[in-house]
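For reference, the structure discussed in these notes is given below.
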Amino acid sequence: MVISFCSVVFIETAFSQTLIKIVDQNNDPLPDAVIEYVIPQPVINQSIDDRIYVMDQINKQFSPHVLVVPVNSQVSFPNKDDIRHHVYSFSLAKTFELKLYSGKPKSPVRFEDKGLVVMGCNIHDAMVGYIYVSDENNAYLSDTNGEVLLTQPLALNTQLKIWHPNSTAGLTKHTLLTVDQKMIDNNEIFITISVNAPQARGSFEELAFHEH
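Per the numbering used here, the sequence shown runs over residues 304 to 515.
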């Protein structure tokens with residue numbers, strides 16, 4: 304069920320459509336970056352999202368690598384490999400375990416609290432995935448081109464909070480930015496995030512240790 308919502312906007316300088324482009328320190332597109340922002344406006348009603356999100360397991364990898372969901376969402380973990388997996392997480396935002404299984408688990412997992420959930424497989428240590436649970440209405444994930452297209456108004460001085468699993472700032476840290484005119488070119492915002500090489504991510508156990 305989806306409840307429609309409306310809002311009143313009081314923004315002097317805004318863009319009806321804005322393309323955010325995220326690159327790394329080498330100017331290469333950066334996929335799987337989470338962007339959150341707060342629109343400075345009163346919200347009368349908010350939508351209720353009761354869909355079931357999906358975190359697949361394909362070729363011994365979590366797919367998508369990063370999944371963004373609202374607080375209190377349900378996530379299903381189908382295993383599409385021809386081998387069994389044992390999915391689990393020790394994260395503060397959600398501790399759970401799906402013991403050795405194939406196919407689709409009986410019930411989805413609900414994520415009640417905001418925060419980062421790092422997942423692994425007890426059988427395949429190289430399997431690492433992330434669920435980013437957000438309590439913001441405006442949380443987006445950059446695509447393979449490192450891009451996020453915003454259809455909502457975006458004002459100057461809007462606060463942006465950016466996270467990436469390979470950020471040199473650390474797994475649990477965000478990059479905080481304020482939108483100013485220097486960042487904008489023809490309704491496009493360009494952001495650079497410094498990241499570690501993918502092979503530096505390590506195993507699930509190493510990531511779980513650094514998370515706490």
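Positions of the beta carbon are idealized from the N, C-alpha and C atoms, including for glycine.
This structure is a prediction, so every number in the text was calculated from the model and none was measured.
Selection from the options that minimises the alpha carbon distance to residue i
| i | options | result |
| --- | --- | --- |
| L459 | Y435, G449, E415 and I487 | I487 |
| D353 | V372, W466, I496 and S405 | V372 |
| P408 | T447, T471, D483 and F380 | F380 |
| I323 | Y443, L479 and L474 | Y443 |
| T447 | D359, H368, N382 and K476 | H368 |
| D438 | N499, Q484, D483 and A396 | A396 |
| V431 | T478, E339, Q360 and S405 | Q360 |
| Y404 | T398, N382 and S394 | N382 |
Distance between beta carbons of residue j and residue i, contact taken as under 8 Å
| i | j | result |
| --- | --- | --- |
| S421 | S392 | First, the residue type needs correcting, since residue 421 is Val and not Ser in the sequence shown. Yes, V421 and S392 are in contact; Cβ-Cβ is about 6 Å, under 8 Å. |
| L401 | H389 | 7 Å |
| P332 | G449 | 3 Å |
| V337 | W466 | 4 Å |
| P501 | D335 | Not really, about 10 Å apart at Cβ, beyond 8 Å. |
| I355 | P411 | 5 Å |
| K485 | H477 | Rounded, the Cβ-Cβ distance is 21 Å, inconsistent with contact. |
Whether residue i touches residue j by CB criterion (8 Å)
| i | j | result |
| --- | --- | --- |
| D384 | N362 | yes |
| Q455 | T481 | no |
| V451 | S445 | yes |
| T471 | V498 | yes |
Spatial distance of residue i from residue j (CA atoms)
| i | j | result |
| --- | --- | --- |
| D428 | S376 | 26 Å |
| S490 | Y433 | Contrary to the premise, residue 490 reads as Asn rather than Ser in this sequence. Cα to Cα, the separation comes out at about 30 Å. |
| T495 | N441 | 20 Å |
| E415 | D327 | 32 Å |
| V305 | F493 | With a pLDDT of 36 at V305, under the threshold of 50, the predicted position of this residue should be treated as unreliable, though the coordinate-derived value follows. Taking the straight line joining both Cα atoms gives about 33 Å. |
| Q320 | V341 | 16 Å |
| F365 | G423 | 9 Å |
| L453 | N329 | 25 Å |
| T398 | V378 | 14 Å |
| R413 | G473 | 26 Å |
| G406 | N425 | 17 Å |
| D483 | R387 | 49 Å |
| L457 | E339 | 12 Å |
| L479 | S394 | 23 Å |
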